[in-house]
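Residue numbers (UniProt numbering): 1 to 51.
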């Protein structure tokens, strides 16, 4: 995912086309997450971030 400032996120999909992993490079929020960080998708839900 890109916007006018550049790359924000990459999303990877499994063989069935379901979201599997997001890598976030920047976004708004509470500022506690380091960048880049990852989110694993499980059963259609995005999980908490991890490094």
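For glycine and all other residues, C-beta sits at the position ideal for the given N, C-alpha and C.
Just confirm the distance between the C-beta atoms of residue i and residue j, as a whole number of angstroms; I'd bet it's less than 8 Å.
{"i": "residue 21", "j": "residue 41", "result": "7 Å"}
Quick check: the Cα distance between residue i and residue j, rounded to an integer number of angstroms?
{"i": "residue 24", "j": "residue 36", "result": "5 Å"}
{"i": "residue 43", "j": "residue 26", "result": "25 Å"}
If we call anything under 8 Å between Cβ atoms a contact, is residue i one with residue j?
{"i": "residue 8", "j": "residue 34", "result": "no"}
Please return the same chain residues whose Cβ sits closer than 7 Å to the Cβ of residue i, not counting the five positions on each side in sequence.
{"i": "residue 19", "result": "11, 13, 41"}
Once the 5 residues before and after residue i are set aside, which same chain residues still bring their CB inside 6 Å of it?
{"i": "residue 46", "result": "39"}
{"i": "residue 32", "result": "none"}
CB-CB under 8 Å to residue i, same chain, minus the five flanking residues each way: which ones, in chain order?
{"i": "residue 1", "result": "7, 8, 9, 10, 11"}
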